[in-house]
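J.: Numbering (my numbering), first residue to last: 19 to 408. Every residue gets a Cβ at the ideal spot worked out from N, C-alpha and C, and that includes glycine. Predicted, not measured: the structure shown is a model, and the values here were computed from it. Supplied in structure tokens, the structure appears directly below.
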């Protein structure tokens, strides 16, 4: 797996991280089956909202990687949804809990969609309680990997709540969220999107399976050099995905590699200052012909800066122009069609930084399954005091 034998993964403390990255397309397919079986229940929940309210605010929420799931998904749903009932937003639980009145409007019907691996994070539980206490017409969807978590348990007997459980495998045992992140996005996309989501996800499954076969080779070549800093870039929802890419590196290298993210256009406005000759820039290329122009412009600029950086591009198909400018190209073989969009690519693109982070962790003699054995950072956040709202 990723050019490492299973016994070596066990010995190096990476077996859970590696297997959870590798299992993603399998888990997505299982999730599609579950969603098909529960389709009538889900449609009734959505339909009752449309019948009762002309306009509904849908807030995706979570903390850390769970928040980035909503950040990545929101642009696609707002772009592809023609029906006017729902307006999608992404607001982290950490913002809702600390500043509830800055984000919540009591008179606006609201569905809080919680993404949660464990469902036990203090802010996740508090965000629901705070939102329910403020919003007059409150509904919730809990998308979680843990049937025994507090979020899941709290939905029981509540007809204004919808609980959707991922397959058990998505309840990652490793420190970093990988299959939980992508599977929860698949779930929410399938619930709210008006497009033929099964065809979109099946396309992602096919591409992910192909990338997983070769991504170890790509990463090994990239990591022949050592890096002090990594920067992840993209446009639109891929710019949000870049946040997750950066976090994976930061988490799994225990902060030994400084990792950050930006949008392709935003990078010039100060954040570019982070680059030095020990930097790797990872660019997620959009398949949208208009948006792609801005990605290409920045790639061209970085390639001609003579700053000593290395550039790795993750792209949906082979592009000679890109290959001439990037040091490394990780390309899929996707034929454009209605089932291909930047969200479908995001599910696949994230595999590269997941594996990059894991193998860089091993290179630094860190155990990816538990990169913070001192407890400085915990798998489920601890030490948070929740205060009563006024």
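1) Fully enclosed by the segment 66-148, which beta strand (DSSP E) runs are 3 residues long or longer?
2) Along the chain, where does the alpha helix (DSSP H) containing residue 376 start, and where does it finish?
3) Going along the chain, which residues of its own chain have a beta-carbon closer than 6 Å to the beta-carbon of residue 179, five neighbours each way excluded?
4) Please identify the residue among 71, 374, 127 whose C-alpha is closest to the C-alpha of residue 265.
5) Using only CA atoms, which one of 344, 325, 296, 293 lies nearest to residue 315?
6) In this structure, how does DSSP classify residue 280 when only helix, strand and coil are distinguished?
7) Are the beta-carbon atoms belonging to residue 142 and residue 111 less than 8 Å from one another?
8) Please report how far the alpha carbon of residue 227 lies from the alpha carbon of residue 292, in whole angstroms.
9) Rounded to a whole number of angstroms, what is the C-alpha to C-alpha distance between residue 303 and residue 103?
10) Between 64, 81, 79, 80, which has its C-alpha nearest residue 73's C-alpha?
11) For the structure I just gave you, are there three or more beta carbon pairs, one from the segment 228-241 and one from the segment 275-293, closer than 8 Å?
12) Counting beta carbon pairs with one atom in the segment 347-355 and one in the segment 315-325, are three or more of them shorter than 8 Å?
13) Could you give the residue range of the beta strand (DSSP E) that holds residue 349?
14) Restricting to Cα atoms, I'd like to know which of 31, 201, 238 is closest to residue 346.
15) Count Cβ pairs between the segment 22-39 and the segment 358-365 that sit closer than 8 Å; are there 3 or more?
16) Taking a contact to mean a Cβ-Cβ separation below 8 Å, would you say residue 93 touches residue 254 in this structure?
17) With distance defined between alpha-carbon atoms, name the residue in 401, 36, 377, 381 nearest to residue 196.
18) Which two residues bound the contiguous alpha helix (DSSP H) that contains residue 221?
19) Quick one: what does DSSP say residue 260 is sitting in, helix, strand or coil?
20) Kindly indicate the opening and closing residues of the beta strand (DSSP E) around residue 321.
21) Would you decide whether residue 24 is buried or exposed? Buried here means 16 or more other CB atoms lie within 10 Å of its CB.
22) Measure the C-alpha to C-alpha separation of residue 163 and residue 56 and round it to an integer number of angstroms.
23) Helix, strand or coil for residue 338, going by three-state DSSP, please let me know.
24) With residue 271 and residue 378 assumed to form a contact (beta carbons below 8 Å), what rounded beta-carbon distance in angstroms separates them?
25) Are the CB atoms of residue 132 and residue 80 within a distance shorter than 8 Å?
26) So, is residue 404 buried or exposed, given that buried needs 16 or more other C-beta atoms within 10 angstroms?
27) Between the C-alpha atoms of residue 295 and residue 382, what's the straight-line distance to the nearest angstrom?
28) Would you decide whether residue 124 is buried or exposed? Buried here means 16 or more other CB atoms lie within 10 Å of its CB.
29) For residue 22, name the three-state secondary structure that DSSP assigns.
30) What separation, rounded to the nearest whole angstrom, lies between the Cα atoms of residue 356 and residue 77?
31) Using three-state DSSP, classify residue 173 as helix, strand or coil.
32) According to DSSP, is residue 157 helix, strand or coil?
33) Tell me which residue opens and which closes the beta strand (DSSP E) that residue 248 is part of.
T.: Quick answer:
1) 74-79, 104-108, 128-134
2) 369-381
3) 158, 173
4) 374
5) 344
6) strand
7) yes
8) 34 Å
9) 31 Å
10) 64
11) no
12) no
13) 346-349
14) 238
15) no
16) yes
17) 36
18) 215-240
19) helix
20) First-last for residue 321: 307-321, but that is the alpha helix (DSSP H), not the beta strand (DSSP E).
21) exposed
22) 16 Å
23) helix
24) 6 Å
25) yes
26) exposed
27) 19 Å
28) exposed
29) coil
30) 27 Å
31) coil
32) strand
33) 247-252
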